[in-house]
Amino acid sequence: MYRRVSILLRKHFVSVLILCAGLVLLSSTLKAADPAKGKALFQQDCASCHNVHKKLTGPALKGVEERWSDKKLLHQWIHNSAAVLATGDVYANNLFNEYNKLAMTPFPNLSEEDIDNILAYIAVEGAKEPGGAKPEAGAAGAGAAKESGDNSLLF
Numbered sequence: 004m005y006r007r008v009s010i011l012l013r014k015h016f017v018s019v020l021i022l023c024a025g026l027v028l029l030s031s032t033l034k035a036a037d038p039a040k041g042k043a044l045f046q047q048d049c050a051s052c053h054n055v056h057k058k059l060t061g062p063a064l065k066g067v068e069e070r071w072s073d074k075k076l077l078h079q080w081i082h083n084s085a086a087v088l089a090t091g092d093v094y095a096n097n098l099f100n101e102y103n104k105l106a107m108t109p110f111p112n113l114s115e116e117d118i119d120n121i122l123a124y125i126a127v128e129g130a131k132e133p134g135g136a137k138p139e140a141g142a143a144g145a146g147a148a149k150e151s152g153d154n155s156l157l158f
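Heads up, the sequence shown is in the numbering used here, so the first residue is 4 and it goes up one at a time.
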């Protein structure tokens with residue numbers, strides 16, 4: 004009986020040990036996205052056509068991840084929108100048509116990590132009030148928030 008318990012414990016111990024080692028390896032490969040790096044990339048590559056809170060040449064990007072059915076598809080769109088359009092994706096084609104069939108500039112040079120950093124920056128900025136203003140109590144505060152515009156860097 005002792006021998007059976009000993010064998011059973013060894014089997015489970017090895018399984019738990021393998022599971023823990025796998026989780027450690029997985030967590031070391033997954034990095035949290037960096038909004039600060041995303042801001043620099045956004046200003047360099049995106050701000051000429053996009054703003055987080057308002058439409059420019061392209062759509063406002065607040066909530067962009069929620070609008071796409073699949074994050075992988077969003078990454079593909081950023082890398083090469085024409086390739087995604089060619090798949091017949093309904094959302095992508097509707098977006099293309101809404102913006103007068105103006106194709107998004109492809110960014111094949113952006114890594115998956117770069118795109119995640121940009122998306123993290125958009126999420127952080129999207130949670131803020133437009134123009135960076137915080138709502139204040141009273142009419143004067145509301146007027147001040149309306150007057151402050153977004154001074155995104157445009158190229």
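Using N, Cα and C, we set each Cβ at its ideal position, and we do this for glycine too. If you're wondering where the values come from, they're calculated on a predicted model, not measured in any experiment.
When LYS40, ILE118, GLY129 are compared, the shortest CA-CA separation from LEU77 is found for ILE118. Taking a contact to require three or more Cβ pairs closer than 8 Å, the segment 110 to 126 and the segment 90 to 101 do not qualify as touching.
The beta carbon of TRP71 sits closer than 8 Å to the beta carbons of LEU77, TRP80, TYR94 from its chain, once the five residues preceding and following it are set aside; these are given in chain order. Cβ contact annotation for TYR124 (same chain, cutoff 7 Å, sequence separation greater than five): PRO38, GLY41, LYS42, PHE45, in chain order. When secondary structure is reduced to three states using DSSP, LYS40 falls in the helix class. Taking C-beta separations shorter than 8 Å and ignoring five residues to either side along the sequence, the partners of ALA85 in its chain run ALA106, PRO109, following chain order. If you look at TYR124, you'll find it in the alpha helix (DSSP H) that goes 115 to 129.
Short of 8 Å from the beta carbon of CYS52, and not among the five residues preceding or following it, lie these beta carbons of its own chain, in chain order: LEU59, THR60, GLY61, MET107, THR108.
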